[in-house]
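Numbering (my numbering), first residue to last: 2 to 290. Just so you know, even glycine gets a beta-carbon here, dropped at the ideal spot from N, CA and C. Reviewing the structure listed below.
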Ligand SMILES: [Fe+2]
């Protein structure tokens with residue numbers, strides 16, 4: 002169902018694997034049909050992206066009625082496939098790359114990141130301050146975006162190890178909606194602070210991917226894995242159908258780059274937000290508890 006042998010590394014400052022036709026065009030069309038037939042979506046975010054999220058009742062109903070989406074979920078929601086992805090990254094990015102210090106030993110197929118609004122102290126309490134013996138789980142959503150969808154440059158949740166995108170429709174370049182990878186501007190090749198939402202002026206574009214039917218992107222969710230989506234203009238083109246997912250831990254990921262460890266510091270806020278809206282800074286010192 003997924004030709005992972007077609008994934009190749011690209012030149013970037015964090016580990017990215019990309020491949021065209023990793024999912025067949027026929028399978029993409031079947032998945033688009035299933036998402037189009039969904040009667041309800043869980044939420045709409047970022048100016049026009051409708052999601053069906055793992056963990057919701059709606060998701061379970063969607064999977065029940067969608068043979069191909071169910072097949073895809075079954076493949077990704079397994080320890081063996083997680084291991085396959087982990088091995089692909091280890092093989093492609095050998096010494097001198099980013100590693101997560103505490104490798105998960107168990108895979109929990111039932112778990113998912115909660116889509117509940119929390120303030121920073123509730124989030125800290127949920128994630129805890131012990132980083133050892135983490136468990137890994139799959140998060141996944143089936144998404145369709147209309148015009149107006151965009152994502153400002155950011156790094157993903159501090160619990161995430163690997164993120165992936167499966168593009169199901171072809172979007173012409175002029176319509177935007179491209180996944181863009183950024184690098185933090187600086188002369189030195191190592192830095193000590195990685196904010197979740199850096200200013201656009203602190204970044205420079207490394208590469209953009211125009212969504213193409215069957216193209217799959219995997220990337221390691223390292224402290225510097227800045228990415229975003231350019232505004233999508235829906236004019237004489239299909240909607241932007243895609244599947245987004247990640248392998249996430251049940252606690253924060255401690256990253257290490259060339260012997261230096263990076264710990265996440267969640268920025269205090271009283272505001273209740275989804276975990277994906279919380280700001281955190283990766284620093285070389287452990288947070289005080
Ligand atoms: Fe993201």
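Straight-line gap, residue i to residue j (C-alpha atoms, nearest Å)
| i | j | result |
| --- | --- | --- |
| residue 43 | residue 275 | 14 Å |
| residue 134 | residue 108 | 11 Å |
| residue 151 | residue 172 | 14 Å |
| residue 49 | residue 241 | 10 Å |
| residue 226 | residue 256 | 12 Å |
| residue 283 | residue 156 | 11 Å |
| residue 90 | residue 16 | 7 Å |
| residue 273 | residue 119 | 4 Å |
| residue 213 | residue 9 | 16 Å |
| residue 174 | residue 146 | 16 Å |
| residue 201 | residue 234 | 21 Å |
| residue 55 | residue 161 | 15 Å |
| residue 179 | residue 209 | 6 Å |
| residue 277 | residue 144 | 16 Å |
| residue 33 | residue 285 | 43 Å |
| residue 211 | residue 19 | 12 Å |
| residue 25 | residue 244 | 14 Å |
| residue 207 | residue 289 | 35 Å |
| residue 238 | residue 31 | 18 Å |
| residue 103 | residue 65 | 35 Å |
| residue 110 | residue 279 | 25 Å |
| residue 246 | residue 158 | 12 Å |
| residue 92 | residue 84 | 12 Å |
| residue 2 | residue 106 | 26 Å |
| residue 250 | residue 281 | 16 Å |
| residue 28 | residue 69 | 8 Å |
| residue 47 | residue 177 | 15 Å |
| residue 21 | residue 148 | 24 Å |
| residue 253 | residue 95 | 23 Å |
| residue 7 | residue 258 | 27 Å |
| residue 45 | residue 11 | 31 Å |
Pair within 7 Å by beta-carbon distance, residue i and residue j
| i | j | result |
| --- | --- | --- |
| residue 140 | residue 52 | no |
| residue 264 | residue 287 | yes |
| residue 260 | residue 181 | no |
| residue 14 | residue 184 | yes |
| residue 82 | residue 74 | no |
| residue 23 | residue 41 | no |
| residue 121 | residue 270 | yes |
| residue 37 | residue 63 | no |
| residue 205 | residue 231 | no |
| residue 267 | residue 125 | yes |
| residue 163 | residue 86 | yes |
| residue 224 | residue 198 | no |
| residue 79 | residue 35 | no |
Span of the alpha helix (DSSP H) around residue i
| i | result |
| --- | --- |
| residue 37 | 26-38 |
Residue interval of the beta strand (DSSP E) (run including residue i)
| i | result |
| --- | --- |
| residue 249 | 241-250 |
| residue 11 | Premise fails: residue 11 is in no beta strand (DSSP E) and is neither H nor E. |
| residue 44 | 44-46 |
| residue 281 | 281-284 |
| residue 17 | 17-20 |
| residue 253 | Counting along the chain, residue 253 falls outside any beta strand (DSSP E), and DSSP gives it neither H nor E. |
| residue 51 | 50-54 |
| residue 41 | Residue 41 -> no beta strand (DSSP E), and no H or E assigned at all. |
| residue 267 | 261-267 |
Minimum Cβ-Cβ distance from residue i to chain B less than 7 Å
| i | result |
| --- | --- |
| residue 266 | Among the chains of the structure shown, chain B does not appear; only one protein chain is present. |
Identify every run of the alpha helix (DSSP H) within the region 126-207, keeping only runs that are complete inside it and at least 4 residues long; order them along the chain.
none
Does the count of Cβ pairs from the region 208-218 and the region 157-177 closer than 8 Å reach three?
Three or more Cβ pairs closer than 8 Å define a contact, and the region 208-218 meets that threshold against the region 157-177.
Residue ranges of each alpha helix (DSSP H) run of no fewer than 4 residues wholly in the region 57-126, ordered along the chain?
Runs of the alpha helix (DSSP H) lying entirely within the region 57-126 and spanning at least 4 residues, in chain order: 58-66, 68-77 and 80-93.
Fully enclosed by the region 219-243, which beta strand (DSSP E) runs are 3 residues long or longer?
228-230
Taking three-plus beta-carbon pairs below 8 Å as touching, is the region 53-62 in contact with the region 122-136?
no
Are at least three pairs of beta-carbons, each pair with one atom in the region 85-99 and one in the region 121-131, less than 8 Å apart?
The way I'd put it, the region 85-99 doesn't touch the region 121-131; fewer than three beta-carbon pairs between them come closer than 8 Å.
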